[in-house]
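If you're matching them up, the sequences are chains A and B in order. For the first sequence, the residue numbers in the numbering used here are 7 to 264. For the second sequence, the residue numbers in the numbering used here are 13 to 287. Here a beta-carbon is modelled for each residue, glycine too, at the ideal position from N, C-alpha and C. Scroll down for the structure; my scribbles are underneath it.
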Amino acid sequence: MKRFARLRSVAVSLLVPVVALVLWWVLSADNSSPFYPSLETILTNFRETWLFERAGSDVVPSLTRLALGYLLAVAVGIPLGALLGRVRVVHLALQPAIQFARSIPATGLVPVSIVLLGIGDTPKIVLIAFVCVFPILLNTVDGVRGVERGLEDVGQTFRLTRRQRIFAIHLPSAAPQIFAGMRLSLSIAFIMMIVTEMMGATSGLGFVTLTAQQSFQIPLMWSGMILLGVLGALLNALFVLVERRVLRWHYLSTGRMR
Amino acid sequence: MTKLVVNQLAKTYGDPAKGGVEAIREISFDVREGEFVCIVGPSGGGKTTLLRCLCALHGRSGGRIELDGRDVTQPPPEIAAVFQDYSRSLMPWYSVRRNIELPLKNTIADKKERSERVEWSLREVGLGGLGDRYPWQLSGGMQQRVAIARAIAYRPEILIMDEPFASVDAQTRAGLEDLTLAVRDDVGAAVLLVTHDIDEAVYLADRVVVLSSRPATVMEIVDIDLPRPRDQIKTKGLPRFAEYRTHVLELIRATSQPEPVSEAQQAVAATLHGN
Numbered sequence: 007m008k009r010f011a012r013l014r015s016v017a018v019s020l021l022v023p024v025v026a027l028v029l030w031w032v033l034s035a036d037n038s039s040p041f042y043p044s045l046e047t048i049l050t051n052f053r054e055t056w057l058f059e060r061a062g063s064d065v066v067p068s069l070t071r072l073a074l075g076y077l078l079a080v081a082v083g084i085p086l087g088a089l090l091g092r093v094r095v096v097h098l099a100l101q102p103a104i105q106f107a108r109s110i111p112a113t114g115l116v117p118v119s120i121v122l123l124g125i126g127d128t129p130k131i132v133l134i135a136f137v138c139v140f141p142i143l144l145n146t147v148d149g150v151r152g153v154e155r156g157l158e159d160v161g162q163t164f165r166l167t168r169r170q171r172i173f174a175i176h177l178p179s180a181a182p183q184i185f186a187g188m189r190l191s192l193s194i195a196f197i198m199m200i201v202t203e204m205m206g207a208t209s210g211l212g213f214v215t216l217t218a219q220q221s222f223q224i225p226l227m228w229s230g231m232i233l234l235g236v237l238g239a240l241l242n243a244l245f246v247l248v249e250r251r252v253l254r255w256h257y258l259s260t261g262r263m264r
Numbered sequence: 013m014t015k016l017v018v019n020q021l022a023k024t025y026g027d028p029a030k031g032g033v034e035a036i037r038e039i040s041f042d043v044r045e046g047e048f049v050c051i052v053g054p055s056g057g058g059k060t061t062l063l064r065c066l067c068a069l070h071g072r073s074g075g076r077i078e079l080d081g082r083d084v085t086q087p088p089p090e091i092a093a094v095f096q097d098y099s100r101s102l103m104p105w106y107s108v109r110r111n112i113e114l115p116l117k118n119t120i121a122d123k124k125e126r127s128e129r130v131e132w133s134l135r136e137v138g139l140g141g142l143g144d145r146y147p148w149q150l151s152g153g154m155q156q157r158v159a160i161a162r163a164i165a166y167r168p169e170i171l172i173m174d175e176p177f178a179s180v181d182a183q184t185r186a187g188l189e190d191l192t193l194a195v196r197d198d199v200g201a202a203v204l205l206v207t208h209d210i211d212e213a214v215y216l217a218d219r220v221v222v223l224s225s226r227p228a229t230v231m232e233i234v235d236i237d238l239p240r241p242r243d244q245i246k247t248k249g250l251p252r253f254a255e256y257r258t259h260v261l262e263l264i265r266a267t268s269q270p271e272p273v274s275e276a277q278q279a280v281a282a283t284l285h286g287n
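Written as structure tokens, this is what we have:
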């Protein structure tokens, strides 16, 4: 019975995508407009281009820059956030600068990063990291400040070391919020990955789709969009997998996962 | 031997000149080695403030706290605590075993000895074999036993308990009281337990410190001369138990503000009396 219910909910979830794809396929089948190629053409292009001709030359570099920028943001955001959240002086000193920096629209920084760091991988990675660091940082600040008073008391009466308090109390207790920040940053990282490749780049998904549009290779542009959608969904699924594992205690103790 | 001396302890929150709240005033009492002392007082009367001062969780406005003759300014290693709200004092991200083990990492270097201590403390509170569970998988009473296990595994000379059984049902409560007595006998630590439950205080204690309402002062220190081991039915059935209970209750009632009677209550009372 339970199995049947699950099967049914999967079927319901698949209904809209399948109908959309079928409609797209049928309605675009004998389309003569060069701007709206048939789905068949797009998928053929997808197979020929992304599997696997450009996988190594464009997809891998894009994802590598994304991963490096994102991990850099995590590596800086969490420790700095914990420091800002727990040490008042640091917070006072850095807060105005942080508020200023995070208010600059991210895309506006692309030209600046090129001027400062050239057109290689470095400016792209740095820019992704720069933009992604704020949601993680600010959520960590908030999280380590919201630690239960009771747990602080435990840390003090049992004379836990500063290190123990940070790693056994503050960070785990802030983890749900930190993950919320990381999830937001991941989608921002994905956007920044494309944006940084549309200016001063010679490879990558953003570079290919932009060039495709400019050189009237419309099917390539469309298949690039499909790839982006698939990649985004996969990245998010991967993130959810990691989050569910790390925050298992959180979901179970708050009754949000069985 | 006197273990802990509290002398003229005072604590005021904020600036007294600008409407600060005087929580406790000139409180003096002592705790002897291995003694069971209960502190009772009306609710909201500064009992928790007193305990937080003793644990050095916050500063005090005056007086001295001496442990073995040394002034207590930092949380001392001889004191372990069990707090009222077990669900906020255990770490949900750690198993029961790791919760108990965490403070021991600084006191027991040998890993094997440490894990033996954890297992011993779990058996002591009747949770042997449940070390791999997580706190949220346990009932409230069991979680509080984990908190007690963590405290005794730390091998304190004084165990401080802040309303430890306030959030569990009556059945569980009686069980935890007896568990605390049994554990105290095994461990030999002095226990300083705060409660608003007079029966509980008289049942558990060698001495009961009765506090007044805010600002809390010591009204009387009552020696409880009841035979040990104590028993929920036999001890509570003794005439002397009733006498102690009545005496403490009278003290508390004398210091508590009478509850204001609302107009609605007066109306109900009038109806009931047929007016």
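Determine the extent of the beta strand (DSSP E) in which residue 94/B is found, giving its start and end residues.
Residue 94/B -> beta strand (DSSP E) spans 91 to 94.
Under 8 Å, do residue 163/B and residue 47/B count as touching if we go by C-beta distance?
A distance of 8 Å or more separates the beta carbons of residue 163/B and residue 47/B.
Tell me, please, whether the stretch 170 to 179 of chain B touches the stretch 200 to 219 of chain B by the rule of three or more beta-carbon pairs shorter than 8 Å.
Flag = yes, the stretch 170 to 179 of chain B and the stretch 200 to 219 of chain B touch.
Using the C-alpha atoms, what's the distance from residue 52/A back to residue 194/A?
Spanning the two alpha carbons is a distance of roughly 25 Å.
Between residue 119/A and residue 49/A, what straight-line distance do the alpha-carbon atoms span, to the nearest angstrom?
Each residue's CA atom was taken as its position, placing residue 119/A and residue 49/A some 35 Å apart.
Is the beta carbon of residue 69/B closer than 8 Å to that of residue 167/A?
No; because the gap between Cβ atoms is not below 8 Å, this pair is not in contact.
Of all Cβ atoms in chain B, is any one closer than 8 Å to the Cβ of residue 154/A?
For residue 154/A, the answer is yes, since a Cβ of chain B falls inside 8 Å of its Cβ.
Going along chain A in order, which residues have a C-beta closer than 7 Å to the C-beta of residue 87/B?
Against residue 87/B, the close residues of chain A are 162, 163, 165, in the order they occur along the chain (beta-carbon pairs closer than 7 Å).
Using 10 angstroms around the beta-carbon of residue 125/B, count the other beta-carbons present and answer buried if the total reaches 16, otherwise exposed.
By the Cβ neighbour-count rule, residue 125/B is exposed, with fewer than 16 other Cβ atoms within 10 Å of its own.
Just to make sure I have the definition right: I need the residues of chain E whose C-beta is within less than 9 Å of the C-beta of residue 101/B. Which are they?
Protein chains A and B are contained in the structure displayed, whereas chain E is not.
Distance check for residue 95/A and residue 346/B, CA to CA, integer angstroms please.
Summary: the structure shown does not reach residue 346/B, with chain B confined to residues 13 through 287, and so no result is reported for it.
Decide if residue 129/B is buried, meaning its Cβ has at least 16 other Cβ atoms within 10 Å, or exposed.
Buried, since its Cβ has 16 or more Cβ neighbours within 10 Å.
Whole-angstrom C-beta distance between residue 198/A and residue 125/A, which should lie under 8 Å
The beta-carbon separation of residue 125/A and residue 198/A, rounded to 16 Å, does not stay under the 8 Å limit for a contact.
Rounded Cβ spacing between residue 222/B and residue 57/B (contact assumed at less than 8 Å):
Between the beta-carbon of residue 222/B and that of residue 57/B there is about 11 Å, and that puts the pair past the 8 Å contact cut.
State yes or no: is the beta carbon of residue 264/A nearer than 8 Å to at least one beta carbon in chain B?
Because residue 264/A sits at a pLDDT of 49, beneath the cut-off of 50, its placement in the model cannot be relied upon, and the point is left open.
According to DSSP, is residue 146/A helix, strand or coil?
Residue 146/A carries a helical assignment under DSSP once its states are collapsed to helix, strand and coil.
Is the separation between the beta-carbon of residue 148/B and that of residue 259/A shorter than 8 Å?
In terms of Cβ geometry, residue 148/B and residue 259/A form a close pair [threshold 8 Å].
Put residue 204/B into one of helix, strand or coil per three-state DSSP.
DSSP places residue 204/B in strand when its eight states are reduced to three.
Measuring only between beta-carbons, confirm whether residue 118/B sits less than 8 Å from chain A.
At least one CB atom of chain A sits nearer than 8 Å to the CB of residue 118/B.
Are there 16 or more other CB atoms within 10 angstroms of the CB of residue 269/A, so buried, or fewer, so exposed?
There is no way to answer for residue 269/A, as the model of chain A reaches only from 7 to 264.
Quick one: does residue 182/A have its CB under 8 Å from some CB of chain B?
No, its Cβ sits nowhere closer than 8 Å to a Cβ of chain B.
Do residue 68/A and the ligand NAD come close, with the Cβ less than 7 Å from some heavy atom?
As for the ligand NAD, it is missing from this structure, which has no ligand bound.
Here's the rule I'm using: 16 or more other beta-carbon atoms within 10 Å means buried, otherwise exposed. How should residue 252/B be labelled?
The residue is exposed, with fewer than 16 neighbouring Cβ atoms inside 10 Å.
In the DSSP output, which residue or residues are listed as bridge partners for residue 19/B?
Looking at the DSSP assignment, residue 19/B forms a beta bridge with 76/B.
Nearest by alpha-carbon distance to residue 97/B: which of 154/B, 230/B, 30/B, 260/B is it?
Taking only the C-alpha atoms, the option nearest residue 97/B is 154/B.
For a test of the three-state rule: what should DSSP assign to residue 222/A, helix, strand or coil?
Assigned with DSSP and collapsed to three states, residue 222/A falls in coil, not helix or strand.
Sort 196/A, 116/A, 11/A, 8/A by Cα distance to residue 207/A and report the nearest one.
Taking the Cα of residue 207/A as reference, the smallest distance to any Cα among 196/A, 116/A, 11/A, 8/A is reached at 116/A.
Classification of residue 156/B by the beta-carbon crowding that lies within 10 angstroms, buried from 16 upward:
With 16 or more other Cβ atoms within 10 Å, it is buried.
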